[in-house]
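If you want this note's numbering, it's the position in the sequence shown, counting the first as 1, plus 162.
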Amino acid sequence: MEVLQIVTYPDKFLRQPAKAVENIDGKLQKLIKNMAATMYQAPGVGLAAIQVGSDKSLIIYDELPNDEKHCLKVLINPKIIATEGSVLSENEGCLSVPDFRADVKRAAAVLVEGVDQDGKPVRIERDDFLAVVLQHEIDHLNGTLFIDRISALKREIYKRRIRKQLKSK
Ligand code: NI
Numbered sequence: 163m164e165v166l167q168i169v170t171y172p173d174k175f176l177r178q179p180a181k182a183v184e185n186i187d188g189k190l191q192k193l194i195k196n197m198a199a200t201m202y203q204a205p206g207v208g209l210a211a212i213q214v215g216s217d218k219s220l221i222i223y224d225e226l227p228n229d230e231k232h233c234l235k236v237l238i239n240p241k242i243i244a245t246e247g248s249v250l251s252e253n254e255g256c257l258s259v260p261d262f263r264a265d266v267k268r269a270a271a272v273l274v275e276g277v278d279q280d281g282k283p284v285r286i287e288r289d290d291f292l293a294v295v296l297q298h299e300i301d302h303l304n305g306t307l308f309i310d311r312i313s314a315l316k317r318e319i320y321k322r323r324i325r326k327q328l329k330s331k
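Take a look at the structure:
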């Protein structure tokens with residue numbers, strides 16, 4: 163297993179829509195293993211392939227993030243089929259948006275369809291924290307970051323900070 167480099171804002175790679183996975187081959191399985199190593203090392207609770215430089219429609223997340231035992235879930239070609247309610251996701255963060263957190267308005271529950279790493283169709287319904295994780299990661303597959311979902315003022319504060327950092331390098 164290999165820990166991959168995480169692509170960070172403002173890299174334009176993060177802005178492209180992911181491409182549907184057609185074959186679950188050895189290369190994809192290897193990518194999944196490396197993504198898991200990368201996510202746990204970070205540490206993070208979810209990761210989209212786009213964040214490690216792959217344009218595949220693929221996300222991983224940990225179903226029991228507060229448990230010592232890992233419970234890795236893989237979703238290929240995931241789509242949000244339905245949402246319900248709304249919730250404020252407090253202090254949301256992203257491995258691709260380092261050193262910044264903000265509250266984000268999210269759906270309280272989601273129904274997601276996709277396939278697992280064996281190619282078996284899955285349909286999952288989650289609420290609360292895992293609903294937020296799923297929305298956040300599936301957003302990545304559409305080129306969307308959580309900072310796109312916060313107020314323009316807060317986003318500007320972050321952008322200014324990043325511009326300053328890039329200049330001082
Ligand atoms: Ni993220």
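All residues carry an ideal CB built from backbone N, CA and C; glycine is no exception.
These numbers were taken from a predicted model, which means no experiment stands behind them.
Problem - Cβ pair I168, S258 closer than 8 Å - result: By one-based count along the sequence shown, residue 168 stands at place 6. By one-based count along the sequence shown, residue 258 stands at place 96. A contact, by the Cβ cut-off of 8 Å.
Problem - Option nearest L303 by Cα separation, candidates L176, T170, M163 - result: For this step, residue 303 is matched to residue 141 along the sequence shown. Here the closest residue by C-alpha is L176.
Handout entry: Element boundaries [beta strand (DSSP E), containing K235]
Key = For the purposes of this step, residue 235 is taken as residue 73 along the sequence shown, with counting starting at 1. Residues 234 to 246.
Practice task
Find the nearest neighbour of G247 within the set C256, V294, G305, judged by alpha-carbon distance.
Solution key: On the sequence shown, position 85 is the one that residue 247 refers to. The alpha carbon of G247 has as its nearest neighbour, out of C256, V294, G305, the alpha carbon of V294.
Problem - Helix, strand or coil at A293 [DSSP, three-state] - result: Position 131 of the sequence shown holds residue 293. Note: A293 maps to helix in three-state DSSP.
Handout entry: Distance between M163 and D280 (C-alpha atoms, nearest Å)
Key = Taking the first residue of the sequence shown as 1, we reach residue 280 at position 118. Taking the first residue of the sequence shown as 1, we reach residue 163 at position 1. So the two alpha carbons sit approximately 19 Å from each other.
Problem - K326 versus C233 - alpha carbon distance - result: Position 164 of the sequence shown, counted from the first residue, corresponds to residue 326. Position 71 of the sequence shown, counted from the first residue, corresponds to residue 233. Rounded to whole angstroms, K326 and C233 show a C-alpha spacing of 39 Å.
Problem - Buried versus exposed, by CB contacts within 10 Å (16 or more), E254 - result: The residue given as residue 254 occupies position 92 in the sequence shown. Label assigned to E254: buried.
Practice task
For S216, collect the residues of the same chain with a Cβ closer than 7 Å to its Cβ; drop the 5 residues on either side in sequence, then sort them by chain order.
Solution key: By 1-based counting over the sequence shown, the position of residue 216 is 54. For S216, where only same-chain residues beyond five positions count, the Cβ hits under 7 Å are L193.
Handout entry: Contact between the stretch 263 to 275 and the stretch 199 to 219 (3+ Cβ pairs under 8 Å)
Key = Taking a cut-off of 8 Å for Cβ pairs, the stretch 263 to 275 and the stretch 199 to 219 do not touch, as fewer than three such pairs fall below it.
Exercise for the section: Would you mind listing the alpha helix (DSSP H) stretches within the stretch 173 to 235 that are 4+ residues and don't spill past its ends, in chain order? Expected result: Whole alpha helix (DSSP H) segments, 4+ residues: 188 to 203.
Handout entry: Contact check, A199 vs V236, beta carbons under 8 Å
Key = In the sequence shown, counting from the first residue as 1, residue 199 sits at position 37. In the sequence shown, counting from the first residue as 1, residue 236 sits at position 74. Taking 8 Å as the cut-off, the Cβ atoms of A199 and V236 do not count as close.
Exercise for the section: Could you tell me the distance, in whole angstroms, from the CA atom of A271 to the CA atom of F291? Expected result: The residue you call residue 271 lines up with position 109 of the sequence shown. The residue you call residue 291 lines up with position 129 of the sequence shown. Approximately 9 Å between the Cα atoms of the pair.
Exercise for the section: May I have the straight-line CA-CA distance separating A182 from D278, to the nearest angstrom? Expected result: Numbered from 1 along the sequence shown, position 20 holds the residue referred to as residue 182. Numbered from 1 along the sequence shown, position 116 holds the residue referred to as residue 278. The straight-line gap from Cα to Cα measures roughly 13 Å.
Problem - Spatial neighbours of A211 in its chain, beta-carbon cut-off 6 Å, leaving aside the 5 residues before and after - result: Against the sequence shown, residue 211 aligns to sequence position 49. Taking A211 as the centre and dropping the five residues before and after it, the same chain places the C-beta of K218, L220 closer than 6 Å to its C-beta, in chain order.
Handout entry: With 16 other Cβ atoms within 10 Å as the buried cut-off, status of P172
Key = Numbered from 1 along the sequence shown, position 10 holds the residue referred to as residue 172. Residue environment analysis places P172 among the exposed positions, since fewer than 16 neighbouring C-beta atoms fall within 10 angstroms of its C-beta.
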